[in-house]
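> Just so you know, the working numbering puts 15 at position 1 of the sequence shown, and the rest follows in order with no gaps.
Glycine included, every Cβ here is placed at the ideal spot set by N, Cα and C.
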Amino acid sequence: TLASVLSVAAFDFCFVPPYYTFAVADARHVLTFAMMLAVGIVISRLTERVRMQAEAARGREQRTAILYSLSRDLAQLRHKASIATSAARHVAELAGGRVVMLIGGPDDQLTAVQGTDVDLVDEALEMAAARQAFERGPAGAGTDTLPAAKALYVPLTALGRTIGVLGVAAADPARLRHLSEQELLAAMSGQIALALHRVLLAQEAQQA
């Protein structure tokens, strides 16, 4: 828009008599200026829209690549610890921060998985937020439940069964407030939960 205004002003200043002044001797030129300005603004808006659509497409492509890479890695793993460490690495690349994964035991006691950032839940507030996420849904940073926590904790639920909790402390907390990032994190959590559920079913079948 600014470029359109400046181009019309430059045209008036340099090519419309009286030259080198913004005065207009012929009133018909005012209509010309208005049309030039309108066309310029429309083109600038269309260009901005195309640019935003291109950025959105790149974002979707990046999210698809992240999900594909995660699902490919998880499909090859057969142990809870290896699934947790691989998943934590992928989520850390997304959030640019610290990631911890906790698994629920037979008595629903949450245990942080070695290979993830277990130090993150050393504080009582963080563990309380993780427990809230395991029992009731997302808690911690960016939520209405224990918002003072450093990390956002989301339950890992597959087929109606909550298996554990994923905790993410992003380097930039505002990053996870974007809807696209939240949707991607939810999709990743779903894939991680399914992978863990597969391992738990295999263990239960072996025990049976």
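Taking the C-alpha atoms as reference points, what is the distance between residue 219 and residue 62?
Between residue 219 and residue 62, the C-alpha separation is close to 56 Å.
> Please confirm whether residue 226 and residue 57 have their CB atoms less than 8 Å apart.
Outside the shown range of the chain (15 to 222) lies residue 226, about which nothing can therefore be said.
> Start and end of the alpha helix (DSSP H) containing residue 86?
Run containing residue 86: 42-89, per the alpha helix (DSSP H) assignment.
> Exposed or buried, which one is residue 75 when buried takes at least 16 other CB atoms within 10 Å?
Result: exposed.
> Is the segment 79-87 touching the segment 142-161 in the sense that three or more CB pairs, one from each, lie closer than 8 Å?
No contact exists between the segment 142-161 and the segment 79-87.
> Checking 8 Å against the spacing of the C-beta atoms, do residue 21 and residue 54 come in under that value?
Yes, the pair counts as a contact, with Cβ atoms nearer than the cut-off.
> Return the chain-ordered list of same chain residues with a C-beta closer than 6 Å to the C-beta of residue 193, the five sequence neighbours on each side being excluded.
So no residue of the chain qualifies.
> By how many angstroms is the C-alpha of residue 19 removed from the C-alpha of residue 51?
So the alpha carbons of these two residues sit roughly 6 Å apart.
> Could you check what DSSP says for residue 145 in three-state terms: helix, strand or coil?
In the structure shown, residue 145 sits in a helix (DSSP, three-state: H, G or I).
> Measuring CA to CA, which of 125, 46, 92 and 69 is closest to residue 209?
The residue with the shortest Cα to Cα distance from residue 209 is 92.
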